[in-house]
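Engineer: Chains as they are written, first to last, in our numbering: chain V, 1 to 345; chain E, 1 to 170.
Quick one: structure below, then a few questions.
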Amino acid sequence: MSLRDNLGELKVPLTWTAAVALVVAAVAAIAFIVSDRRETFQAEAYGASRSLSDQVLAPVGEVLSTPVRWAGVGADNVRGYFFAAHENRRLKAELKEMRQWRDVAIALRDTNERYRTILGLKTDPPIPMVAARIVTDSRGPFANSRLANVGREKGVKAGNPVMSENGLVGRIIGVTDGVSRVLLLTDIAARTPVMIDRTNARAILTGDGGPNPRLDYMRGKDAVRQGDRVLTSGDGGVLPRGLPVGVAVKGLDGRWRVVLASDAAPVDYVRILLFKDFTQVVNAAELDRMEPPPPTGGALTVGVAPGTTTPAPPGPRPPVAIAPRPQPAATPPPPVAPAPTPARP
Amino acid sequence: MSRSAQGLAPWRWLFTPMLQALGLTLLFATPLRVFGLGLPEPIFPMAAAFAWAVIRPSVLAPACVLVMGLFLDILWGGTLGMWALSMLVAYGVALTGRSMMAGQSFLILWAWYAGVTALAMVTAELVAMLEVQATPNPIGVGWQYLATIVLYPFSYRLIERFEDADVRFR
């Protein structure tokens with residue numbers, strides 16, 4: 001038998017074992033998919049493995065992003081040097097426009113305060129926030145998330161909104177010591193309740209992995225026009241109301257989409273709003289301590305032996321006045337024997 | 001005994017390309033924008049997985065593909081196991097067609113690479129649709145696909161270097 005024939009025999013077992021290894025690896029991948037609960041976006045679903053890997057990835061990303069950030073600052077400086085005159089002209093024009101807006105804002109603030117005083121309106125409490133730096137960034141069509149370099153130690157919690165200086169970026173979906181993961185508005189799984197500033201029409205901002213998320217579930221006729229400002233609606237208590245999201249545009253597919261305000265500049269530093277929705281702010285324990293309602297007339301039958309009460313007449317029950325609490329019976333009723341439990345077949 | 005007859009050391013053709021692919025993925029995950037545009041997000045491990053399937057069958061290669069896929073899922077924050085399964089499907093198909101594709105020209109192999117990459121993207125899309133009940137943006141998927149098939153020269157270099165390194169699999 002030649003050497004080549006012997007070597008040929010080696011191919012068969014290795015090919016088969018390679019096939020078995022491939023099947024085992026595929027089964028393991030499917031098991032990971034089935035066990036993953038990313039779509040629930042619950043704090044407890046984030047998992048220890050993801051928390052640990054985020055803790056490892058964050059410092060690596062920070063080291064890698066530092067020269068990138070320096071390069072960006074350098075490029076900005078060079079651009080600023082060469083385009084200083086043009087930038088100066090642009091800023092002067094913007095300042096002129098902003099001064100007009102400042103006067104309008106002061107007048108509106110004054111009017112607002114008067115209305116609030118007259119109505120006795122309870123306004124939302126100020127929201128504390130922490131600053132963070134973005135260290136990694138994923139931009140693919142299947143996942144859009146970023147790692148920020150602050151975590152649990154600063155009071156960050158899952159669900160907290162994240163903003164850049166221009167607008168809403170996303171919200172926290174996972175947090176651990178020193179690092180938190182931000183789910184961007186553009187992620188395929190992101191759903192954000194928003195409203196059109198001009199018409200107050202509500203919609204759900206639905207990410208699809210592209211740069212411009214869709215406006216879904218829009219109600220009303222002519223609810224949105226090109227260029228309308230889109231804000232968070234605060235519906236559901238997940239996000240505070242009125243955070244800037246972007247501007248509505250008609251997409252190439254004929255659907256309304258949003259050009260995100262946060263895309264106006266690189267998102268390298270963000271603010272995490274330590275926002276608590278209404279259900280978290282309200283003292284649930286205090287609500288639970290409320291006195292139970294007084295017993296109604298029917299409660300008088302408590303402690304009376306069965307068969308001694310007169311059945312209520314048919315027809316609508318007359319209104320029952322608030323009755324005093326029934327006094328305990330002088331003699332306790334005889335103990336009722338437990339009903340015999342039928343034997344299991 | 002000649003070096004080629006000793007077989008391939010895993011660190012040469014498996015672990016080194018795997019670390020290179022993961023390093024490049026990490027580098028491209030930095031928040032860098034050039035002229036207002038972010039970097040593309042190609043699937044670097046796809047080039048290595050395709051080359052491994054063409055070079056020779058292996059027990060370790062599927063495990064490496066699984067590890068690379070899980071790394072992508074964890075780094076990008078996607079569904080855990082999505083890229084692992086997608087690349088394993090592509091690897092399996094490339095391995096099945098290995099006897100037909102071995103020794104083919106650069107362009108034919110590139111077309112084959114583009115085909116199995118498309119299969120990986122479709123698998124990822126199906127998994128995403130099942131998990132999130134939403135369809136990813138086809139333009140975004142298209143851009144990622146293009147950015148990935150452009151990486152074929154790296155895969156071809158790996159194939160050229162190691163295809164004949166083990167005489168048992170010529």
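Cβ atoms here follow ideal geometry from the backbone N, Cα and C, with glycine treated the same way.
1) At the 8 Å Cβ level, is V:R139 part of the contact set with chain E, yes or no?
2) Can you list the beta strand (DSSP E) stretches of 3 or more residues lying completely in the stretch 204-241 of chain V, in chain order?
3) Assign V:P146 to one of two classes, buried (16 or more other C-beta atoms within 10 Å of its C-beta) or exposed (fewer than that).
4) Counting only the same chain and skipping the five closest in sequence on each side, list residues whose C-beta sits under 8 Å from that of E:P40.
5) Mind pulling the chain E residues with CB within less than 7 Å of V:T15?
6) Output, in sequence order along the chain, the residues in the stretch 234-266 of chain V whose CB is closer than 7 Å to any CB in chain E.
7) Going along the chain, which residues of its own chain have a beta-carbon closer than 6 Å to the beta-carbon of V:V23, five neighbours each way excluded?
8) Could you tell me which uninterrupted beta strand (DSSP E) segments, each at least 3 residues in length, are contained entirely in the stretch 75-145 of chain V, listed from first to last along the chain?
9) Against V:V68, what residues of chain E qualify as contacts under a CB-to-CB distance less than 8 Å, listed in chain order?
10) Let me know the secondary structure DSSP gives E:G23 once reduced to three states.
11) For a contact defined as C-beta to C-beta under 8 Å, what are the partners of E:Y91 on chain V?
12) How far does the beta strand (DSSP E) with V:W256 in it reach, from first residue to last?
13) Could you compute how far the alpha carbon of V:G236 sits from the alpha carbon of V:P193?
14) Do you know offhand how far E:A51's Cα is from E:E163's?
15) The alpha helix (DSSP H) spanning E:T117 covers which residue range?
16) Helix, strand or coil for V:P59? Go by DSSP, reduced to three states.
17) Taking CB distances under 8 Å as the criterion, tell me whether E:I74 reaches chain V.
18) So if DSSP puts V:Y269 in a beta bridge, which residue, or which two residues, is it bridged to?
19) Any beta carbon from chain V within less than 8 Å of E:Q20's own beta carbon?
20) Just the C-alpha distance for E:L109 and V:D76, rounded to the nearest angstrom, thanks.
21) What is the DSSP secondary structure of V:T176, reduced to helix, strand or coil?
22) From V:V245 to V:A190, what does the alpha carbon distance come to, in whole angstroms?
23) Should E:L180 go down as buried or exposed, given a rule of 16 or more other Cβ atoms within 10 Å for buried?
24) Provide the residue(s) that pair with V:R250 in DSSP beta bridges, ordered along the chain.
Structural biologist: Taking the structure as given:
1) It does: the Cβ of V:R139 has a partner Cβ on chain E nearer than 8 Å.
2) The stretch 204-241 of chain V contains these whole beta strand (DSSP E) runs: 214-216 and 229-232.
3) A quick correction: the sequence has Arg, not Pro, at residue 146 of chain V. Buried, because 16 or more other Cβ atoms sit within 10 Å of the Cβ of V:R146.
4) Here the set comprises F28, W143, Q144 and A147.
5) P57
6) P266
7) Cβ neighbours of V:V23 within its own chain (closer than 6 Å, five residues either side excluded): none.
8) You should have 129-137.
9) T30, P31 and L32
10) E:G23: helix per DSSP, three-state reduction.
11) L22
12) W256 to L260
13) 8 Å
14) CA-to-CA, the gap between E:A51 and E:E163 works out to about 9 Å.
15) F106 to V132
16) helix
17) yes
18) V:R133
19) no
20) Each residue's Cα considered, the two are about 43 Å apart.
21) strand
22) Using only the alpha carbons, I get a separation of about 13 Å.
23) Outside the shown range of chain E, which is 1 to 170, sits residue 180 of chain E, and nothing can be said about it.
24) Residue 250 of chain V is actually Lys in this sequence, not Arg. In the DSSP output, where bridge partners are listed per residue, V:K250 has V:W256.
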